[in-house]
Amino acid sequence: MGKFDDNERIILNVGGTRHETYKTTLKTLPGTRLALLASDSDIDSVLDQLQQVPGFIEYNARTNEYFFDRHPGVFAYVLNYYRTGKLHCPADVCGPLFEEELSFWGIDETDVEPCCWMTYRQHRDAEEALDVFELNVDNGEDDDEIGKRLGIEDVAADGNVSLWRKWQPVIWNLFEDPYSSRAARVRAHRCVWGSPNIHNNSFTVNHSITCFNPKSPRKGK
């Protein structure tokens with residue numbers, strides 16, 4: 001077999017969904033898995049490397065089609081990143097699944113756009129919050145002490161329900177309403193300023209500060 005042609009179109013079949021793109025498009029993100037398909041190596045060498053990766057199934061030389069047994073919905077966002085230089089996160093996919101797919105394709109999670117960073121981080125932040133609750137309970141703190149530590153004063157203790165049932169409303173407010181408690185305001189501030197590449201989008205920063213400022217006028221307040 002010969003070498004790839006720079007102008008050759010490549011067909012990527014991911015989870016049964018076919019995508020067609022150019023080798024030059026895949027070259028835009030060096031070091032990633034798809035960039036390997038655009039390398040100057042001969043096809044046999046590329047296939048040898050791909051065969052070592054779980055998730056790559058086969059190559060059809062007749063149609064120049066590569067099949068990957070990965071999430072087809074997420075891949076649409078991955079390929080769009082090669083085309084536009086902007087990595088967005090689908091709203092209907094949980095953060096851990098998106099993170100796993102990014103890892104497979106060799107893309108760094110910090111490339112996620114600021115507008116999608118909170119959506120991407122939501123599940124992980126919830127797990128971290130639950131870890132804090134569990135740690136405080138394991139240390140013998142009661143509900144009032146935990147609430148005060150997190151700036152939440154209105155959690156009613158009820159020994160007849162599980163820890164999750166007691167704290168579920170608080171956790172929802174923590175992620176949905178930045179005005180609900182001091183902990184929610186801290187998390188909102190962290191998400192805005194902790195988002196990667198935030199300096200590349202000053203409008204997003206300014207808009208987020210306005211939205212999360214506790215002194216900003218709030219509808220219905």
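Here the sequence shown is numbered in the UniProt record's numbering, starting from 1 and rising by one per residue. We put the beta carbon where it would ideally sit given N, CA and C, even for glycine.
Worksheet item: Helix, strand or coil: which one does DSSP assign to Thr-63?
Response: Here residue 63 refers to the residue found at position 63 of the sequence shown. In this structure, DSSP gives Thr-63 a state outside helix and strand, which the three-state scheme calls coil.
Worksheet item: Roughly how many angstroms lie between the CA atoms of Leu-36 and Glu-109, to the nearest whole one?
Response: Indexing the sequence shown from 1 puts residue 36 at position 36. Indexing the sequence shown from 1 puts residue 109 at position 109. Taking the straight line joining both Cα atoms gives about 19 Å.
Discussion item. Helix, strand or coil, according to DSSP, for Val-14 in the structure here?
Written reply: In the sequence shown, counting from the first residue as 1, residue 14 sits at position 14. Residue state, collapsed to three classes: strand.
Item to complete: Sort out for me which residues DSSP pairs Val-112 with in a bridge.
Response: If you number the sequence shown from 1, residue 112 lands on position 112. Val-112 pairs with Leu-87.
Worksheet entry | Identity of the residues DSSP links to Phe-56 by a beta bridge | Within the sequence shown, numbered from 1, the residue matching residue 56 stands at position 56. Partner(s): Phe-68.
Discussion item. Using only the alpha-carbon positions, how far apart do Gly-95 and Glu-20 sit?
Written reply: Translated into positions along the sequence shown, residue 95 becomes position 95. Translated into positions along the sequence shown, residue 20 becomes position 20. For Gly-95 and Glu-20, the distance between alpha carbons rounds to 27 Å.
Item to complete: Pair every Cβ in the segment 20-35 with every Cβ in the segment 102-116, then say whether three or more of these pairs are closer than 8 Å.
Response: yes
Item to complete: To the nearest angstrom, report how far apart Arg-62 and Gln-122 are at their CA atoms.
Response: Along the sequence shown, read from residue 1 onward, the residue named residue 62 stands at position 62. Along the sequence shown, read from residue 1 onward, the residue named residue 122 stands at position 122. Rounded to the nearest angstrom, the two C-alpha atoms are 44 Å apart.
Worksheet item: Roughly how many angstroms lie between the CA atoms of Tyr-77 and Asn-60, to the nearest whole one?
Response: Position 77 of the sequence shown, counted from the start, is the residue given in the question as residue 77. Position 60 of the sequence shown, counted from the start, is the residue given in the question as residue 60. One C-alpha to the other measures close to 24 Å.
Fill in: Neighbour-count burial assignment, Glu-99, 16 or more Cβ in a 10 Å radius
Start at 1 with the first residue of the sequence shown, and residue 99 comes out as number 99. Buried, because 16 or more other Cβ atoms sit within 10 Å of the Cβ of Glu-99.
Worksheet item: Per DSSP, what kind of secondary structure is Thr-119 in: helix, strand or coil?
Response: One-based indexing of the sequence shown puts residue 119 at position 119. Here Thr-119 sits in helix by DSSP.
Worksheet item: Skipping 5 residues on each side, what residues in its chain have a beta carbon closer than 8 Å to that of Asn-200?
Response: Taking the sequence shown and counting its residues from 1, the one referred to as residue 200 is at position 200. Only weak support is given to the placement of Asn-200: the predicted model assigns it a pLDDT of 48, under 50, and the question is left unresolved by the model.
Worksheet item: When the Cα atoms are used, what is the spatial distance from residue 222 to Tyr-82?
Response: The shown model of the chain, from 1 to 221, leaves out residue 222, and the question about it has no answer.
Worksheet entry | 8 Å Cβ shell around Lys-86 - same chain, five flanking residues per side excluded | The count along the sequence shown starts at 1 and reaches residue 86 at position 86. Correct list, in chain order: Asn-80 and Glu-113.
Worksheet item: Does the separation of the CB atoms of Val-74 and Pro-90 fall below 8 Å?
Response: Stepping through the sequence shown from its first residue, residue 74 is reached at position 74. Stepping through the sequence shown from its first residue, residue 90 is reached at position 90. Yes.
Worksheet item: alpha helix (DSSP H) containing Lys-23: first to last residue?
Response: Here residue 23 corresponds to residue number 23 of the sequence shown, with the count starting at 1. Here the alpha helix (DSSP H) through Lys-23 covers 23-26.
Worksheet item: First and last residue of the alpha helix (DSSP H) that includes Glu-100?
Response: The residue labelled residue 100 in the question sits at position 100 within the sequence shown. Element bounds for Glu-100: 95-105.
Fill in: Cβ shell of Cys-116 (< 7 Å), same chain only, five flanking positions each side left out
Looking up residue 116 in the sequence shown gives position 116. Excluding sequence neighbours, Cys-116 sits near His-88 and Cys-89.
Worksheet item: Can the beta-carbon of Lys-27 be found closer than 8 Å to that of Ile-10?
Response: Numbered from 1 along the sequence shown, position 27 holds the residue referred to as residue 27. Numbered from 1 along the sequence shown, position 10 holds the residue referred to as residue 10. No; because the gap between Cβ atoms is not below 8 Å, this pair is not in contact.
Fill in: Nearest-angstrom Cα separation, counted from Ser-41 out to Glu-101
Within the sequence shown, numbered from 1, the residue matching residue 101 stands at position 101. Within the sequence shown, numbered from 1, the residue matching residue 41 stands at position 41. Cα to Cα, the separation comes out at about 25 Å.
Worksheet entry | Residue range of the alpha helix (DSSP H) that includes Leu-34 | Here residue 34 corresponds to residue number 34 of the sequence shown, with the count starting at 1. That run of the alpha helix (DSSP H) goes 33-37.
Fill in: Between the CA atoms of Asp-92 and Pro-214 - distance to the nearest angstrom
Counting from 1 along the sequence shown, the entry for residue 214 is found at position 214. Counting from 1 along the sequence shown, the entry for residue 92 is found at position 92. Model confidence at Pro-214 stands at a pLDDT of 43, short of 50, so the residue's coordinates are unreliable and nothing is read from them.
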